[in-house]
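This report refers to the structure that appears directly beneath it.
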Amino acid sequence: MTNRREFLQASAAVAGALFVPHNIFACPTHHFIQTTTLNSWPIANPAQWCLNHKHEPILKRAFDGLCKLTKEEFDRIIRLVVRRCGLNLIQVKPNQVLVHYWSQQLADLRPFFKDHQLTFPNVQVTLLDRKKEATTNKTGDEFLYGQPIAKDFPLELFVTKWANRFQKESDDHQAAPKTNSGFAWDGLADGQIPWAALKSAWQRSKPTSCLNCSGETILVNFGFRQVGVFNRLPNFVSVCPNCRRSFVDESIKDVAGWMAENLKTDFCSVREVVWGKRVRASL
49 MTNRREFLQA SAAVAGALFV PHNIFACPTH HFIQTTTLNS WPIANPAQWC
99 LNHKHEPILK RAFDGLCKLT KEEFDRIIRL VVRRCGLNLI QVKPNQVLVH
149 YWSQQLADLR PFFKDHQLTF PNVQVTLLDR KKEATTNKTG DEFLYGQPIA
199 KDFPLELFVT KWANRFQKES DDHQAAPKTN SGFAWDGLAD GQIPWAALKS
249 AWQRSKPTSC LNCSGETILV NFGFRQVGVF NRLPNFVSVC PNCRRSFVDE
299 SIKDVAGWMA ENLKTDFCSV REVVWGKRVR ASL
């Protein structure tokens with residue numbers, strides 16, 4: 049974390065590499081993005097755009113201040129607009145992104161990064177908090193949807209089983225690794241889901257699309273997860289083999305109804321695990 053004076057002294061080098069207002073105006077690599085709607089639009093000259101559009105509703109809260117500034121006062125204009133108008137300024141250059149924002153008013157940048165193909169680990173992202181004049185460095189892949197798949201997760205095994213979901217295999221009644229359903233099947237440890245149950249769900253339920261690459265995801269866990277001492281919440285997790293991210297589907301509220309619809313009778317669990325004990329499932 050840097051203070052304002054240190055930031056202004058150190059940012060000359062950053063500006064030289066990322067942000068050069070005297071020669072970037074001819075290149076439309078800048079975008080404003082609204083923090084609430086996430087609407088974004090490209091602009092060639094952010095300072096001039098703000099002065100030209102200061103009468104519009106989107107810049108209403110900065111109108112008085114903009115009337116006192118000129119296009120040469122680039123930094124003051126940007127600082128004023130991101131503070132008062134719920135906007136972030138994004139500059140995109142090859143493998144580099146610079147984002148101006150104000151305190152907690154940082155937009156959800158994931159849709160923008162997806163649309164502009166910036167979600168790669170070699171993309172260097174600098175976030176500038178114009179209230180504290182502090183910088184945070186990230187990489188483009190930190191703006192992907194979902195969570196990274198754990199390093200020890202057997203993704204290739206799940207991909208193989210998914211490809212064979214319409215086939216019967218000798219290990220179908222064995223446990224799929226890394227599953228934790230909150231249910232219990234005979235012959236398996238508490239929480240483990242047999243491959244046969246997953247295959248049944250894969251055959252009957254439509255796979256969701258990955259929010260990053262739009263490819264098909266693979267359901268790798270269903271059931272409940274323990275929340276605190278007394279509460280449990282639905283827990284449906286899918287993974288994308290392409291971008292190697294995992295996603296929790298929070299739209300499914302009726303676990304029993306989902307299991308009744310998507311699991312063949314032979315594969316339905318007969319026990320729930322509650323407080324470490326197996327009890328009759330309410331299915």
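Residue numbering for the sequence shown follows our numbering, beginning at 49 and increasing consecutively. By construction, the Cβ of each residue, glycine as well, lies at the ideal position given by its N, Cα and C atoms. Just so we're clear, the structure is a prediction, and the values are computed from it rather than from any experiment.
Mapping DSSP to helix, strand and coil, what is residue i?
i	result
Trp150	strand
Asn71	Only weak support is given to the placement of Asn71: the predicted model assigns it a pLDDT of 38, under 50, and the value that follows is read from those uncertain coordinates. In this structure, Asn71 counts as coil in the three-state DSSP scheme.
Cys291	coil
Ala244	helix
Asn269	strand
Ala232	strand
Arg127	helix
Val207	helix
Pro76	Note that Pro76 scores a pLDDT of 49, beneath 50, so its modelled location is shaky; the value from the coordinates is reported in the next line. Pro76 falls in the coil class under three-state DSSP.
Pro282	strand
Trp250	helix
Gln96	helix
Lys116	coil
Ile300	coil
Lys325	strand
Arg319	strand
Leu135	strand
Lys332	Nothing can be reported for residue 332: it is not among the residues displayed for the chain, which extend from 49 to 331.
Pro105	helix
Glu217	coil
Glu121	coil
Ala223	strand
Just to confirm, are residue i and residue j a CB contact at a threshold of 8 Å?
i	j	result
Asp297	Phe284	yes
Leu135	Thr83	yes
Lys312	Ser229	no
Asn260	Tyr193	yes
His79	Trp89	yes
Gln215	Trp243	no
Thr227	Ile241	yes
Val287	Ile300	no
Arg319	Ala329	yes
Leu137	Leu114	no
Leu157	Phe122	no
Asn310	Ser218	no
Thr183	Thr174	yes
Pro159	Leu86	yes
Asp238	Arg326	yes
Under the assumption that residue i contacts residue j (Cβ atoms under 8 Å), give the Cβ distance between them as a whole number of angstroms.
i	j	result
Phe231	Val321	7 Å
Ile125	Ala92	Ile125 to Ala92, Cβ: 15 Å. No contact.
Gln139	Gln172	Not a contact, Cβ separation roughly 12 Å.
Ile197	Leu203	6 Å
Ser262	Gln195	No, Ser262 and Gln195 are not in contact; Cβ-Cβ is about 18 Å, not under 8 Å.
Phe272	Arg280	4 Å
Sufficient close CB pairs (3 or more, under 8 Å) joining the segment 164-171 to the segment 204-220:
Cβ pair count under 8 Å is below three, so no.
Quick check: the segment 171-183 against the segment 138-152, are at least 3 beta-carbon pairs closer than 8 Å?
Taking 8 Å as the limit for Cβ pairs, the verdict is that the segment 171-183 does touch the segment 138-152.
Ignoring anything shorter than 4 residues, give me the alpha helix (DSSP H) runs that lie fully in the segment 154-203, in order along the chain.
Listed in chain order, they are 158-163.
With contact counted as at least three CB pairs below 8 Å, one residue from each stretch, are the segment 156-165 and the segment 105-119 in contact?
Because the criterion of three Cβ pairs below 8 Å is not met, the segment 156-165 and the segment 105-119 do not touch.
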